[in-house]
Amino acid sequence: RGDVAAAFDGIGVAPERADDLGATLTTRYRRTTLLAPDRAARATVDTGLTWIEPDGTGFTLPEVAIVETKAAASASALDRLLWRQGYRPATVSKYATGLAALHHDLPRNRWARLLRGPFAPEHRSPTRRPEEASCSAAA
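Residues in the sequence shown are numbered consecutively from 71, following the numbering used here.
Below, the structure written as structure tokens:
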């Protein structure tokens, strides 16, 4: 909360407003960063994707990786390799797409392609509530 209060203070918002905030979703993932030998491009690969709500419910995408490529001006060799393998660019916000997957009442248009594809229910594995995890560990 201290970091948020300091950031609020820096933009002219009362620091105590940080206490009005609460967790809505935790996103977890492992990130690997790759750098081209010529340093002209890089990519991040996020795996172990997990979304957990404050009550402990959520889901994981154990078979999905989010790859973000970054190049100075044009498509990199990695971009072209991904395209040849049938992967096409898609806009994704892990936070917003995770919330839309968990809450069908939220706007979905921007994430519709992902929600029908890799974020579809058949690709998700549910996370366990904390009390379920402790009960199974005690058994």
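We put the CB at the ideal spot given by N, CA and C, even for glycine.
For residue i, the first and last residue of its enclosing alpha helix (DSSP H)
{"i": "tryptophan 153", "result": "147 to 154"}
{"i": "threonine 167", "result": "164 to 172"}
{"i": "leucine 176", "result": "No alpha helix (DSSP H) contains leucine 176, which DSSP labels as neither H nor E."}
{"i": "valine 74", "result": "72 to 80"}
Cβ-Cβ distance between residue i and residue j below 8 Å
{"i": "leucine 148", "j": "threonine 139", "result": "yes"}
{"i": "serine 163", "j": "alanine 106", "result": "no"}
{"i": "histidine 193", "j": "leucine 131", "result": "yes"}
{"i": "leucine 169", "j": "leucine 176", "result": "yes"}
{"i": "glycine 126", "j": "threonine 120", "result": "no"}
{"i": "alanine 171", "j": "alanine 141", "result": "no"}
Opposing strand residues paired with residue i [DSSP bridges]
{"i": "tryptophan 121", "result": "Thr97, Phe129"}
{"i": "isoleucine 136", "result": "Asp116"}
{"i": "leucine 105", "result": "Arg112"}
{"i": "alanine 195", "result": "According to the sequence shown, residue 195 is serine rather than alanine. Note: serine 195 sits in a beta bridge opposite Thr130."}
{"i": "alanine 141", "result": "Ala111"}
Rounded C-alpha distance that separates residue i from residue j
{"i": "cysteine 205", "j": "alanine 88", "result": "Because the pLDDT at cysteine 205 is just 43, under 50, the model does not fix this residue reliably, and the value given afterwards should be weighed accordingly. Looking at the two C-alpha atoms, the distance is approximately 35 Å."}
{"i": "threonine 167", "j": "serine 195", "result": "16 Å"}
{"i": "threonine 197", "j": "arginine 183", "result": "23 Å"}
{"i": "arginine 71", "j": "isoleucine 122", "result": "20 Å"}
{"i": "alanine 203", "j": "alanine 143", "result": "Here the model assigns alanine 203 a pLDDT of 47, short of 50, so the residue's position is not dependable, and the following value carries that caveat. Near 48 Å, if we compare the C-alpha coordinates of alanine 143 and alanine 203."}
{"i": "isoleucine 136", "j": "threonine 97", "result": "13 Å"}
{"i": "alanine 190", "j": "threonine 103", "result": "26 Å"}
{"i": "leucine 95", "j": "threonine 117", "result": "18 Å"}
{"i": "alanine 76", "j": "alanine 93", "result": "18 Å"}
{"i": "threonine 114", "j": "arginine 158", "result": "16 Å"}
{"i": "glutamate 86", "j": "proline 124", "result": "22 Å"}
{"i": "aspartate 73", "j": "aspartate 79", "result": "10 Å"}
{"i": "valine 83", "j": "leucine 91", "result": "13 Å"}
{"i": "proline 188", "j": "glutamate 133", "result": "9 Å"}
{"i": "alanine 209", "j": "tryptophan 181", "result": "With a pLDDT of only 42 at alanine 209, under 50, the local geometry of the prediction cannot be trusted, and the value read off the model is given with reservation. Looking at the two C-alpha atoms, the distance is approximately 40 Å."}
{"i": "arginine 150", "j": "isoleucine 81", "result": "42 Å"}
{"i": "arginine 154", "j": "aspartate 108", "result": "22 Å"}
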